[in-house]
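Under our numbering, residues 44 to 629 are what the sequence shown spells out, in order. For each residue, glycine too, the CB sits at the ideal point set by N, CA and C.
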Amino acid sequence: MSLRTERPQCAGAVMEFDRDNDRDSPVMKARSMPRSALIYLKGPKFLIYVSGALSMWGDRMWHFAISVFLIELYGHNLLLTGIFGLVVAGSVLLLGALIGDWVDRNPRNKVAHLSLFIQNVSVTICSIVLMLVFSYKKRIEEIWDGWLTVVCYTVVIILADVANLASTALTIAIQRDWIVVITGYNRGHLAGMNATMRRIDQVTNILAPLAVGQVMTLASNVVGCGFILGWNLVSLIVEFIFLTRVYRIVPELSVKPPVLEHQSCWGKRRERKSSQGQIVRLEGPPAAISEENTTSLHLNELSRVPPCIHRLRGLLSRCREGWRAYYKQPVFLAGLGLAFLYMTVLGFDCITTGYAYTQGISGSLLSILMGVSALAGLLGTVLFTKLRKAFGLVNTGVISSGLHLGCLMLCVCSVFAPGSPMDLSVLNLRNVSDVGGMAGGHQRHRYPLRVGSNQPLLSDRSSIHWTNNTVLFENAPSGIEPESYVSIILLFLGVITARVGLWSFDLTVTQLLQETICESERGVVNGVQSSMNYLMDLLHFLMVISTPQPQHFGILVTISVLFIFTGHTMYFLYARKAKRKQHTDT
44 MSLRTERPQC AGAVMEFDRD NDRDSPVMKA RSMPRSALIY LKGPKFLIYV
94 SGALSMWGDR MWHFAISVFL IELYGHNLLL TGIFGLVVAG SVLLLGALIG
144 DWVDRNPRNK VAHLSLFIQN VSVTICSIVL MLVFSYKKRI EEIWDGWLTV
194 VCYTVVIILA DVANLASTAL TIAIQRDWIV VITGYNRGHL AGMNATMRRI
244 DQVTNILAPL AVGQVMTLAS NVVGCGFILG WNLVSLIVEF IFLTRVYRIV
294 PELSVKPPVL EHQSCWGKRR ERKSSQGQIV RLEGPPAAIS EENTTSLHLN
344 ELSRVPPCIH RLRGLLSRCR EGWRAYYKQP VFLAGLGLAF LYMTVLGFDC
394 ITTGYAYTQG ISGSLLSILM GVSALAGLLG TVLFTKLRKA FGLVNTGVIS
444 SGLHLGCLML CVCSVFAPGS PMDLSVLNLR NVSDVGGMAG GHQRHRYPLR
494 VGSNQPLLSD RSSIHWTNNT VLFENAPSGI EPESYVSIIL LFLGVITARV
544 GLWSFDLTVT QLLQETICES ERGVVNGVQS SMNYLMDLLH FLMVISTPQP
594 QHFGILVTIS VLFIFTGHTM YFLYARKAKR KQHTDT
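(1) Would you mind stating whether Ile183 and Cys195 have Cβ atoms separated by less than 8 Å?
(2) Just checking my contact of Leu379 with Cys454 at CB under 8 Å: how many whole Å lie between their CB atoms?
(3) Please list the terminal residues of the continuous alpha helix (DSSP H) segment that includes Trp190.
(4) Can you tell me whether His626 is buried or exposed? The criterion is at least 16 other CB atoms within 10 Å of its CB, across all chains shown.
(5) Let me confirm a value: Gln257 is counted as buried when at least 16 other C-beta atoms fall within 10 Å, else exposed. Which label applies?
(6) Can you confirm whether the stretch 124-136 touches the stretch 548-561 when touching is taken to mean that 3 or more C-beta pairs between the two stretches lie within less than 8 Å?
(7) From Cys351 to Leu286, what does the alpha carbon distance come to, in whole angstroms?
(8) Which residue marks the beginning of the alpha helix (DSSP H) containing Cys456, and which one marks its end?
(9) Flag this pair as yes or no: are the beta carbons of Trp546 and Arg219 separated by less than 8 Å?
(10) Using only alpha-carbon positions, find the residue among Val154, Leu555 and Arg354 that is nearest to Asn229.
(11) Can you name, in chain order, every residue of its own chain whose Cβ lies under 6 Å from the Cβ of Leu451, other than the five neighbours on each side?
(12) Out of curiosity, what's the CA-to-CA distance linking Leu409 and Ile249?
(13) Return the chain-ordered list of same chain residues with a C-beta closer than 6 Å to the C-beta of Gly420, the five sequence neighbours on each side being excluded.
(14) Report the option in Val529, Gly101, Asn576 and Thr428 whose CA atom is closest to the CA atom of Val458.
(15) If you compare alpha carbons, which of Arg361, Val224, Lys622 and Gly357 is closest to Val293?
(16) Does DSSP put Tyr179 in a helix, a strand or coil?
(17) Quick test of your reading: Ala96 and Ile243, contact by CB under 8 Å. State the CB separation rounded to the nearest angstrom.
(18) Start and end of the alpha helix (DSSP H) containing Phe615?
(19) Please report the distance separating the alpha-carbon of Ser443 from that of Gly544.
(20) Assign Gly610 to buried or exposed, taking buried as 16 or more other Cβ atoms, counted over all protein chains shown, within 10 Å of its Cβ.
(21) Please state the DSSP three-state secondary structure of Met465.
(22) Spatial neighbours of Leu358 within its chain, please: C-beta separation below 8 Å, excluding the five flanking residues on both sides.
(23) Between Ser178 and the rest of its own chain, which residues show a CB-CB distance below 8 Å, the 5 nearest in sequence each way excluded?
(24) Which residues mark the beginning and the end of the alpha helix (DSSP H) in which Gln572 is found?
(25) Just tell me which of Lys299, Leu381 and Ala618 has its CA closest to the CA of Met575.
(26) Beta-carbon within less than 7 Å of Gly462's beta-carbon, same chain only, minus the 5 sequence neighbours each way: which residues are those?
(27) On a Cα-Cα basis, can you pick out the residue from Val135, Asp102 and Phe107 that is closest to Arg571?
(28) Give me the Cα-Cα distance between Tyr614 and Trp145, rounded to the nearest whole angstrom.
(29) Buried or exposed for Tyr369, going by 16 or more other Cβ atoms inside 10 Å?
(30) Ignoring anything shorter than 3 residues, give me the beta strand (DSSP E) runs that lie fully in the stretch 111-172, in order along the chain.
(31) So Gly390 is in the alpha helix (DSSP H); what residue range does that whole segment cover?
(32) Would you call the CB atoms of Ser278 and Asn163 closer than 8 Å?
(33) With DSSP collapsed to three states, give me the class of Glu184.
(34) Out of His106, Val199 and Thr124, state which residue places its alpha-carbon closest to the alpha-carbon of Ile114.
(35) Which word fits Tyr83, buried or exposed, when buried means at least 16 other C-beta atoms lie within 10 angstroms of its C-beta?
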């Protein structure tokens, strides 16, 4: 019986993945040697882990700090932070397919190095601008009647957005493509590397914001900018060296499908049909020749269009082709289901933490809960590897989905539990003045919510992969004593325990995408997947803006659970289809 299983044929090449078999694995042999530790430290896996840790640490610090910086710049107002979040989500939504297509069309080392350079240089320049603004803010506000300040804000947001786009390209290249090649298309090794990278991400998610936050608190925002600037310069050099070494010691990374093969299989079939139609027309009657002449005249007219219009049409065509390629993938439902999980407030972002603060939870306790949540995420990565070995990849997703949904039922129960501020009467227009629940017969809490009850639960970013943005509290809430803590306990118990199934499911879909997508389409399909994730993130912003009060949070929880249920239902449909296909093939 063969130890290899065929991958879908793409561009005339068949990619194959090894089954889980470590007996003949060079990696396992190396570990059994006396110098296995030294060999491992010089190997591509360790270099990718270190490079990924440096990159993730820098990303986490930057995304935490930029939110705080924008709030500080605009007088403790969330306007700039909200604009930044919308710009980031909108740019990835529009450009995700083009970024992925660029990753597919260029050599792997060029993509990695250029993305790394653009990301770190953008953050470095942005940090310098922020340092100047913080140092000379009063003088800048006096120039051009304050318009120079607006220019500085615009430059900061644009540079931060460019850094995020470059980070997206680097993530697609390394975590969705390089890892697959480095593991030699071995399912077991691929699952191990995915889980390790996610564990690194979880650890940096907690420690990186804490580190830069301490620098900003003990020193100043200017020192914090300088710290981020120095980190990015050092990280740029180290990551560049490590990625270059990995590219050299893994020769398979230099092999990539030709540019002509960077098309989806359905697109090639369509071209073949059109070419056959042209042959038929050439062999047909003279009327067909006249039609061909008309077509050539039409092409001549198109050649008169300005080059910029031609280029724009080409970009739009690539974007459309990328979305079609995503739709044609056999794992389309699984990827779409994962995207639906981004439409949620049930995560440790500033929405949930802000709501908890209005319910009498102190900032120190929230920090502890975030740490416990990270541990639950780490447990999810361990669970993924165990379930995949025991039940297979597709069944692991089904089990993880059930675990995720089951834990989220605790969040639904929290909406109706004692201590919940849920009050639908505030949705009436006549009660807008009482939106904070300070008066009226429908009041559920008999304590003054003066610390944020009447403040909207605005957010900057929230998703499965971006949970490092939290509300910064100068003091713990005072004088807030709810009637019962049952509701808030159920809410956080559900959110924390759900992280186990959530991360296990996320890793499952990630590996399905890695194993199933053709090598020549990995970039564009994963780029569209990022666009879908940010689309749901954008809808999540609008949902929070439409119902911003703590009394509305129960509505947000219910809608979030409905979207998550829909996403897992899509995965169940995919799993059913995949199992039927497996039975048919056997």
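By the coordinates alone:
(1) Yes, the Cβ-Cβ distance between Ile183 and Cys195 is below 8 Å.
(2) With a Cβ gap of about 23 Å, Leu379 and Cys454 do not count as contacting.
(3) Element bounds for Trp190: Trp190 to Ala216.
(4) exposed
(5) So Gln257 counts as exposed.
(6) no
(7) 35 Å
(8) Leu436 to Phe459
(9) no
(10) Looking at the Cα atoms, Leu555 is the closest of the given residues.
(11) Gly537, Ala541 and Val604
(12) 12 Å
(13) Gln245, Arg542 and Trp546
(14) Its Cα nearest to that of Val458, the residue Val529 stands out among Val529, Gly101, Asn576 and Thr428.
(15) Val224
(16) When secondary structure is reduced to three states using DSSP, Tyr179 falls in the coil class, being assigned neither helix nor strand.
(17) Between Ala96 and Ile243 a beta carbon distance of about 5 Å is seen, short of the 8 Å cut, so the two are scored as contacting.
(18) Phe596 to Asp628
(19) 5 Å
(20) Burial call: buried.
(21) coil
(22) So the qualifying residues of the chain are Leu141.
(23) Closer than 8 Å at the Cβ level, and outside the excluded window around Ser178, lie Val265.
(24) Counting along the chain, the unbroken alpha helix (DSSP H) around Gln572 starts and ends at Arg565 to Ser589.
(25) Leu381
(26) Pro525, Glu526, Ser527, Tyr528, Val529, Ser530 and Ile531
(27) As written in the sequence, residue 571 is Val, which differs from the Arg given in the question. Looking at the Cα atoms, Val135 is the closest of the given residues.
(28) 29 Å
(29) buried
(30) Counting whole runs of 3 or more residues, the stretch 111-172 contains no beta strand (DSSP E) stretch at all.
(31) Element bounds for Gly390: n/a, residue is neither H nor E.
(32) When the beta-carbon positions are compared, Ser278 and Asn163 come within less than 8 Å of each other.
(33) helix
(34) Thr124
(35) In summary, Tyr83 is exposed, with fewer than 16 beta-carbon neighbours lying within 10 Å of its beta-carbon over all protein chains present.
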